[in-house]
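Note sheet for the following structure.
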Ligand code: GTP
Ligand code: MG
């Protein structure tokens, strides 16, 4: 899929203030500083989302309209230690509300730093997604920071850990925003899911 346009649409803290649309939507989430905004900029061919070396840069639900046909959503990171407890609870409330209530959210990309072993916070979050039947795909980030053998070792260890509690591995894509790796895989995944979503919308229309 070619991205011809990608433009900022709106920032919000409330799912009710997000764009009213039937356009399919793909949101990016993960621990603070994992590289969500950087991956979004990679797939959009443009610096639409703000990135930063300091964790906690993205604080709102940010919508970007792509090709006038679908949305990319940049979400705040979870697990940012310097945020006060009250702020964190507020954060978690509006993010979980968005995930549970957003009807046109086709799939959530859960970003995971490939340098780290499976973190409890990511494991718990994916468990919560499964319990709530939210489709998701893992994107491993920052692969450029590892050698080929370290990468294989980390991926194997991650898979082994996941399979202690999961029957199957979720879909996984390996990426580096720095080296522009994984872009095609992410866009293919999005395209496939847009087709399925539009087919579903058409079926619902035909039934009514
Ligand atoms: P928050 O909005 O704060 O939650 O962070 P984020 O997940 O959006 O991360 P962001 O894209 O802002 O990137 C965080 C830092 O990691 C920045 O300094 C990026 O330059 C760096 N970074 C992101 N992706 C990559 C990558 O693929 N490789 C390398 N080497 N650095 C990366
Ligand atoms: Mg960000």
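Residue numbers (the numbering used here): -10 to 197.
All C-beta atoms, glycine included, are put in the ideal place defined by N, C-alpha and C.
These numbers come from a predicted model, not from an experiment.
Original post:
Who does residue 0 pair with in a DSSP beta bridge?
Top reply: 51
Original post:
Going by C-alpha distance, which of 119, 86, 87 is nearest residue 157?
Top reply: 119
Subject >> Closest Cα partner of residue 88 within the set 4, 186, 182 >> reply: 4
**OP:** Could you pull out every unbroken alpha helix (DSSP H) segment of at least 4 residues lying fully inside the stretch 91 to 157, listed in chain order?
**Re:** 109 to 120, 137 to 151
**OP:** Compute the distance between the beta-carbons of residue 56 and residue -7, then report whether it is under 8 Å.
**Re:** yes
Original post:
residue 67 lies in the alpha helix (DSSP H); which residues open and close that run?
Top reply: Per DSSP, residue 67 belongs to no alpha helix (DSSP H) and is neither H nor E.
Original post:
For the candidate residues 109, 190, 92, 25, whose alpha-carbon lies nearest to that of residue 122?
Top reply: Comparing Cα-Cα distances from residue 122 to each of 109, 190, 92, 25, the minimum goes to 92.
Original post:
Going by the CB atoms, is the gap between residue 94 and residue 14 shorter than 8 Å?
Top reply: yes
**OP:** From the DSSP output, read off the bridge partner residues of residue 19.
**Re:** Answer is 100.
Subject >> Spatially closest choice to residue 61 from 21, -10, 98, 173, by CA coordinates >> reply: Selected option, being the one with the closest Cα: 98.
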